[in-house]
Amino acid sequence: MMKNPNILIICSWSYDNPLVHRYVLPYLEPIKNHTGKEANIHLMTYETDAATQISNSKIRLNDIEITWVPVRYTPLSLRGWWLYLRQVMFVRKYCSSNQINVIHSFAPVAGAVAWLSSRISRYKFVLDSWEPHAEPMVETGVWKRSSMAFRILWKLEKWMAKDADYLIAAHREMVNYAWQKWKIQPRQIAYRPACVDTADFDPLQFNRERLRQAIGANHNTIICVCASQLGGMYYFDETLRFFEQCRQRWGNRFLAILLTPTPTDTIRQRAKKLGLTLDFVQIKRCAPHEVPALLAV
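In structure tokens, the structure reads:
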């Protein structure tokens, strides 16, 4: 293990995204404990809300302190390529100013920035949450295989898998995937499945009648709860059309609850474009600890 590594964690999500709070932040304390008290951890997130793009601030996680670095989100495309390169330059400068020697990235957008930064400046590069993204974007109909966006990400995925000093995957099949697609054998790889404590989701711990009353429903209401992002490889139009089909089937008895970080205005604009109404859909942006109760309605 490197002595007193200073680590920059880069993730592809905004700080208030549930993935950060349930998937990234709990992971930072074990990293800190493993690397030693002299090591410093910095967390970089991609923010679409300009109000959150503020100066660096400190975040306290139990007994450790990390530095939060919010930056502007840039979609991976030719149109955003110049801004993407500016982010790489920013990461290099930030790493140099803060004596960073390890870049630990989550997901492909962050991984692409981390990969190029590490190639230029020779930082150790850890690619976490290693999984395919380019092909799922084609499978879900978002991109065409001939599109520039697919070809860029496909190449980046190959280069990241080839050059990463350490890969962390959720499934062992990723080794076979890398070999079948690119004839690449990872240097070092570990596996960390994304898990939840099922006890948190036990519906018997909640008063179902009170929960339903709180959302204006009764015991006859048919409720569909969807907890997901919308857009990209996460079905957007299909989800809204599914809700509409349920409404046509059950009429006023049907209620949809959509738990999502996707902005409400974006959802309503998409529904309007599709000719759908959302008067029977409750859109909520809730904290992760609130999700089990809403799933129990």
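Numbered according to my numbering, the sequence shown spans residues 1384 to 1680.
Note that beta-carbon positions come from the ideal geometry of N, C-alpha and C, so glycine has one too.
This one's a predicted model, so the numbers in the text were calculated from it and none came from an experiment.
*Is DSSP giving Arg-1575 helix, strand or coil here?*
As a first step, residue 1575 is located in the sequence shown; it is residue number 192 there, counting from the start. In this structure, Arg-1575 counts as coil in the three-state DSSP scheme.
*Please confirm if the region 1420-1428 is in contact with the region 1389-1406, defined as three or more CB-CB distances below 8 Å between the two stretches.*
Under the 8 Å Cβ criterion, the region 1420-1428 counts as touching the region 1389-1406, having at least three qualifying pairs.
*Between Leu-1677 and Cys-1578, what straight-line distance do the alpha-carbon atoms span, to the nearest angstrom?*
Position 294 of the sequence shown, counting from 1, holds the residue named residue 1677. Position 195 of the sequence shown, counting from 1, holds the residue named residue 1578. Taking the straight line joining both Cα atoms gives about 19 Å.
*Go ahead and label Trp-1513 buried or exposed: buried means 16 or more other beta carbons lie within 10 angstroms of its beta carbon, across all protein chains shown.*
One-based indexing of the sequence shown puts residue 1513 at position 130. Buried is the call here.
*Is the beta carbon of Arg-1570 sitting closer than 8 Å to the one on Asp-1548?*
Working through the sequence shown from its first residue, we reach residue 1570 at position 187. Working through the sequence shown from its first residue, we reach residue 1548 at position 165. In contact: Arg-1570 and Asp-1548 (Cβ atoms closer than 8 Å).
_What does DSSP give as the partner residue(s) for Ala-1552 in the beta ladder?_
For the purposes of this step, residue 1552 is taken as residue 169 along the sequence shown, with counting starting at 1. BP columns for Ala-1552 point to Trp-1513 and Tyr-1574.
*Whole angstroms is fine: what's the gap from Ser-1529's alpha carbon to Ser-1479's?*
Here residue 1529 is taken as the residue at index 146 of the sequence shown, counted from 1. Here residue 1479 is taken as the residue at index 96 of the sequence shown, counted from 1. Their Cα atoms are separated by approximately 38 Å.
*Evaluate the contact criterion for the region 1626-1633 versus the region 1587-1597: three or more CB pairs, one atom per stretch, below 8 Å.*
no
*Taking just the CA atoms, how far does Thr-1431 sit from Asn-1481?*
For the purposes of this step, residue 1481 is taken as the residue at position 98 of the sequence shown. For the purposes of this step, residue 1431 is taken as the residue at position 48 of the sequence shown. Using only the alpha carbons, I get a separation of about 25 Å.
*Which residues bound the beta strand (DSSP E) around Val-1608?*
Taking the sequence shown and counting its residues from 1, one reaches residue 1608 at position 225. For Val-1608, the enclosing beta strand (DSSP E) begins and ends at 1605-1610.
*With 16 other CB atoms within 10 Å as the buried threshold, where does Asn-1590 fall?*
Within the sequence shown, numbered from 1, the residue matching residue 1590 stands at position 207. The C-beta of Asn-1590 has fewer than 16 other C-beta atoms within 10 Å across all chains shown, which makes the residue exposed.
*Uninterrupted alpha helix (DSSP H) stretches inside the region 1448-1499 (no shorter than 4 residues)*: Listed in chain order, the complete alpha helix (DSSP H) runs (minimum 4 residues) inside the region 1448-1499 are 1464-1480.
*Considering Glu-1412, what are the terminal residues of the alpha helix (DSSP H) in which it resides?*
If you number the sequence shown from 1, residue 1412 lands on position 29. Start and end: 1408-1418.
*Tell me whether Lys-1507 sits in a helix, a strand or coil according to DSSP, three-state version.*
Within the sequence shown, the letter at position 124 stands for residue 1507. Strand, per DSSP.
*Could you tell me the distance, in whole angstroms, from the CA atom of Gln-1665 to the CA atom of Thr-1418?*
As a first step, residue 1665 is located in the sequence shown; it is residue number 282 there, counting from the start. As a first step, residue 1418 is located in the sequence shown; it is residue number 35 there, counting from the start. Cα to Cα, Gln-1665 sits roughly 44 Å from Thr-1418.
*asked:* Tell me the rounded alpha-carbon separation between Tyr-1560 and Cys-1607.
replied: Here residue 1560 refers to the residue found at position 177 when the sequence shown is read from its first residue. Here residue 1607 refers to the residue found at position 224 when the sequence shown is read from its first residue. About 35 Å.
*Got a sec? Which residues, its chain only, sit under 6 Å from His-1672 by beta carbon, not counting five neighbours each side?*
Here residue 1672 corresponds to residue number 289 of the sequence shown, with the count starting at 1. For His-1672, there are no CB contacts under 6 Å within the same chain when 5 residues up- and downstream are skipped.
*Hey, could you find the ends of the beta strand (DSSP E) Leu-1657 is sitting in?*
Locating residue 1657 in the sequence shown gives position 274, counting from the first residue. No beta strand (DSSP E) contains Leu-1657, which DSSP labels as neither H nor E.
*Buried or exposed: where does Ile-1483 fall if 16 or more other Cβ atoms within 10 Å of its Cβ makes it buried?*
Position 100 of the sequence shown, counting from 1, holds the residue named residue 1483. Ile-1483 should be labelled buried.
*Alpha carbon of Leu-1638 to alpha carbon of Gly-1614, nearest angstrom*: Within the sequence shown, the letter at position 255 stands for residue 1638. Within the sequence shown, the letter at position 231 stands for residue 1614. Cα to Cα, Leu-1638 sits roughly 22 Å from Gly-1614.
*In three-state DSSP terms, what is Met-1543?*
Position 160 of the sequence shown, counted from the start, is the residue given in the question as residue 1543. Note: Met-1543 maps to helix in three-state DSSP.
*For Met-1543, the nearest candidate out of Lys-1420, Ile-1442, Ala-1610 and His-1516 (CA to CA)*: The sequence position of residue 1543 within the sequence shown is 160, counting from 1. Per the Cα distances, His-1516.
*asked:* Using only the alpha-carbon positions, how far apart do Gln-1612 and Gly-1494 sit?
replied: Position 229 of the sequence shown, counted from the first residue, corresponds to residue 1612. Position 111 of the sequence shown, counted from the first residue, corresponds to residue 1494. Their backbone Cα atoms lie some 20 Å apart in a straight line.
*asked:* By alpha-carbon positions, which one of Pro-1646, Ala-1679, Glu-1518 and Gln-1652 ends up nearest to Asp-1399?
replied: For the purposes of this step, residue 1399 is identified with residue 16 of the sequence shown, where counting begins at 1. The option with the nearest alpha carbon to Asp-1399 is Pro-1646.
*Go ahead and pull the three-state DSSP assignment for Met-1616.*
Sequence index remark: in the sequence shown, residue 1616 carries index 233 (1-based). Note: Met-1616 maps to coil in three-state DSSP.
*Leu-1587 classed as buried or exposed, judged by whether at least 16 other C-beta atoms fall within 10 angstroms*: As a position in the sequence shown, residue 1587 is number 204, starting the count at 1. Looking at its Cβ environment, which holds fewer than 16 other Cβ atoms inside 10 Å, Leu-1587 is exposed.
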